[in-house]
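Numbering (the numbering used here), first residue to last: 2 to 374. The beta-carbon is built from N, C-alpha and C at its ideal position, and this holds for glycine as well.
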RNA sequence: CGGGGAGUGGCGCAGUUGGUAGCGCGCGUCGUUUGGGACGAUGAGGCCGCAGGUUCGAGUCCUGUCUCCCCGACCA
């Protein structure tokens with residue numbers, strides 16, 4: 002069906018790497034990983050009125066006993082339910098819970114493959130605080146960590162001010178500048194000023210309101226966003242804590258999302274070289290570190306593979322097909338380094354080692370390859 | 001939801017006025033090939049999206065329906 006995709010072996014390998022980088026990032030700012038359920042009872046969502054409010058986007062149906070069920074498009078209600086049973090005192094705060102899980106959203110129009118699907122993977126984190134001030138410190142910390150995570154997976158992102166939607170006055174998005182993106186942002190060519198078109202007061206070529214730079218308009222892909230939720234959910238659902246004066250107060254909340262499968266697609270959008278029909282993955286998420294291509298079968302390639310296969314991730318192509326086909330497919334798979342073992346390379350003294358990003362190529366003795374890599 | 005386009009071997013497509021369903025790639029077998037998607041020979045593979053209708057006869061005409069893609073609207 003439209004907007005629904007699975008991942009084959011190469012895609013899954015890349016996905017897992019993205020997932021792990023995100024997971025480490027969340028753990029490093031004291032996020033605790035949990036896993037919530039996808040099947041949701043109507044009653045929970047009626048507490049905030051959202052079962053009706055977002056029925057357009059939430060897949061909803063009746064089970065065989067006539068009970069209303071929904072597939073979670075997001076988890077504020079569920080996480081608030083969990084937290085109201087476990088947090089009682091200011092001494093339990095702050096705390097952040099996150100999960101990496103599938104989301105279902107009945108998008109009015111799925112498009113551009115993994116960039117906008119109806120079933121996709123997301124990391125969503127929710128934080129809980131005693132007051133706005135504590136929340137804001139955390140919000141800032143998560144924002145900085147997000148920039149760091151995106152940079153680790155090879156995406157340069159802009160930290161963009163955006164509309165707060167139904168939750169609040171503001172939010173922030175992490176946008177990758179890319180012509181295939183569906184968002185439009187305005188950013189300064191000198192400082193970190195950036196606004197989403199939905200709220201922007203500037204236009205292309207304006208002077209930056211923060212410095213003497215120039216405003217540039219660009220299409221972009223939103224790979225993450227962070228929202229203040231204030232007490233919207235805690236107040237509706239009775240998620241309170243007792244402060245140090247003994248009185249009950251609403252929890253102050255924030256939520257923080259990263260579209261994992263969308264990030265995977267964004268990396269391809271940015272790194273795929275259309276002209277040469279070639280992918281070069283960032284090393285941190287590449288499905289393989291190295292592809293070894295053996296032209297004519299030779300024992301040197303086989304021995305090299307056996308020697309290093311447990312130390313680095315290698316794709317070894319010893320298929321009985323033409324050289325051109327191996328090269329063309331290796332270009333599409335996009336391992337950042339390539340080792341070619343052939344009669345020609347052996348005559349020149351070893352194997353040819355190519356760094357795809359720089360295009361640099363060198364002949365390295367077979368015995369040396371392992372240490373060079 | 002509004003507008004546009006498309007459903008025919010695994011993939012990409014052609015199919016004229018209604019008359020034996022084709023091509024390229026891929027796949028099997030044999031042989032020759034190996035530094036940029038090789039070549040020859042020979043095979044296998046189709047309910048023409050689905051349901052009705054018109055006709056002696058429908059991939060083709062008519063009606064209905066489902067699905068996918070693109071552009072909008074939408075994006076909690």
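Could you give the first and the last residue of the continuous alpha helix (DSSP H) run that contains residue i?
i           : result
residue 147 : 133 to 153
residue 233 : 233 to 238
residue 84  : 77 to 87
residue 267 : 261 to 272
residue 53  : 51 to 54
residue 19  : 10 to 29
On the CB-based measure, 16 or more other CB atoms within 10 Å of its CB, does residue i come out buried or exposed?
i           : result
residue 320 : exposed
residue 283 : buried
residue 126 : buried
residue 323 : exposed
residue 173 : buried
residue 119 : buried
residue 202 : exposed
residue 33  : exposed
residue 18  : buried
residue 175 : buried
residue 189 : buried
residue 1   : Outside the displayed range of the chain (2 to 374) lies residue 1, so it cannot be described from this structure.
residue 139 : buried
residue 142 : exposed
residue 329 : exposed
residue 103 : exposed
residue 248 : exposed
residue 230 : buried
residue 122 : buried
residue 151 : buried
residue 297 : exposed
Find out if the Cβ-Cβ distance for the pair residue i, residue j is shorter than 8 Å.
i           : j           : result
residue 49  : residue 254 : no
residue 337 : residue 312 : no
residue 316 : residue 278 : no
residue 256 : residue 228 : yes
residue 163 : residue 200 : yes
residue 362 : residue 355 : yes
residue 308 : residue 371 : yes
residue 318 : residue 91  : no
residue 124 : residue 259 : yes
residue 225 : residue 149 : no
residue 43  : residue 69  : yes
residue 81  : residue 195 : no
residue 374 : residue 342 : no
residue 45  : residue 263 : no
residue 291 : residue 15  : no
residue 22  : residue 153 : yes
Can you tell me where the beta strand (DSSP E) holding residue i begins and where it ends?
i           : result
residue 105 : 96 to 105
residue 71  : 69 to 72
residue 45  : Per DSSP, residue 45 belongs to no beta strand (DSSP E); it is in the alpha helix (DSSP H), 43 to 47.
residue 250 : 249 to 251
residue 172 : 171 to 178
residue 34  : 32 to 34
residue 241 : 241 to 243
residue 187 : 184 to 189
residue 161 : 159 to 164
residue 275 : It is not in any beta strand (DSSP E) - residue 275 carries neither H nor E in the DSSP assignment.
residue 63  : 61 to 63
Quick one: residues in its chain with C-beta nearer than 8 Å to the C-beta of residue i, no 5 flanking neighbours on either side, listed in chain order?
i           : result
residue 274 : 280, 281
residue 83  : 35, 37, 98
residue 232 : 251, 252, 253, 254
residue 185 : 197, 198, 218, 219, 220, 221
residue 135 : 94, 95, 253
residue 28  : 34
residue 1   : The question about residue 1 has no answer, for the chain in this structure spans 2 to 374.
residue 299 : 342, 343, 344, 347
Please work out which residues of its chain come closer than 6 Å, Cβ to Cβ, to residue i, disregarding the five sequence neighbours upstream and downstream, and give them in chain order.
i           : result
residue 268 : 155
residue 59  : 71, 74
residue 37  : 76, 79, 100
residue 181 : 270
residue 96  : 129
residue 215 : 190
residue 384 : With the chain covering 2 to 374 only, the question about residue 384 has no answer from this structure.
I'd like the list of long-range same chain contacts for residue i, defined as Cβ closer than 7 Å, with 5 residues on each side in sequence excluded.
i           : result
residue 20  : 101, 261
residue 110 : none
residue 350 : 364, 366
residue 133 : 253
residue 11  : 288, 334
residue 144 : 160, 173, 227
Practice item. Could I get the ranges of all uninterrupted alpha helix (DSSP H) runs contained in the segment 289 to 370, with 4 residues as the minimum, in chain order? Key: 300 to 309, 324 to 334, 344 to 348
Check your understanding: Curious, which full-length alpha helix (DSSP H) runs of at least 4 residues does the segment 192 to 219 contain?
Key -> none
Point to revise | Whole runs of the beta strand (DSSP E) within the segment 107 to 133, excluding any shorter than 3 residues | key: 120 to 130
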